[in-house]
Amino acid sequence: VIGYGLNITERKQIEDKLIVNEKRYRDLFNYSQALIWTHDLEGNLLSVNPSICSAVGYSSEELIGRNLKEFVPEEKVSIFDSVYLKEVLSTGKAEGVFTIVCKSGAHIYLLFQNYMVEETSSTPYIIGFSQDITNRIIAEKELIKAKEETEKASRVKEVFLANISHEI
């Protein structure tokens, strides 16, 4: 009888650490309030986190495999190709604000930062991080409108005072 034994304790510890790290990554992806997604170099969605699904009203099954252009307002689709994709492919990074159309038809504004990830074992892809800034954009528009109305009222007041002063 020949007996042979290997001490696999170290290997088992590494495997356990790998399982824990994968779970932490999935938890970070799934529980993050940030909208996180990945897409290929043509804009086809590869993965989305639950925050995106909540923000746009689609399930992950309805999103994965579809092209980002399907969610961009028609008047901005050309910008998507000519600016966004061109920038991320040439520099490896893109950031800014863009509008997407939700399942309900509502438009939301997203502040985004996207990065191209290149791995030796697979084709490059884009990972995107964004947050919904719709309320901020609406507040800014209302503030600009209020400022314009205040300036208009101030001009009317000046004209009125000038006329009264002239009459006196």
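For reference, each letter of the sequence shown is one residue, going 76 to 243 in our numbering. We treat Cβ as the ideally placed atom computed from N, Cα and C, and that holds for glycine.
Distance between L186 and K98 (C-alpha atoms, nearest Å): 28 Å
Beta-carbon separation (whole angstroms), N142 vs N124, contact threshold 8 Å: The Cβ separation is near 18 Å, so there is no contact.
For the putative contact between S135 and A109, defined by C-beta atoms under 8 Å, what is the C-beta separation to the nearest angstrom? Actually they are not in contact, since the Cβ atoms of S135 and A109 sit about 16 Å apart, beyond 8 Å.
Between the beta-carbon of V192 and the beta-carbon of F173, is there less than 8 Å? no
Quick one: what does DSSP say V76 is sitting in, helix, strand or coil? coil
Do T113 and I202 come within 8 Å of each other at the CB atom, strictly closer than that value? yes
Quick one: give me the first and last residue of the beta strand (DSSP E) that V123 is part of. 120-123
Residues that F63 bridges to, as DSSP identifies them: Outside the modelled stretch of the chain, which goes from 76 to 243, sits residue 63, for which no answer is possible.
Of the residues Y200, K168, S197, P199, the one placed nearest Q188, counting alpha carbons only: K168
Grouping DSSP H, G and I as helix and E and B as strand, with all else coil, what is I183? strand
In the DSSP assignment, find the unbroken beta strand (DSSP E) run with E145 in it and report its ends. Note, E145: premise wrong, no beta strand (DSSP E); not H, not E.
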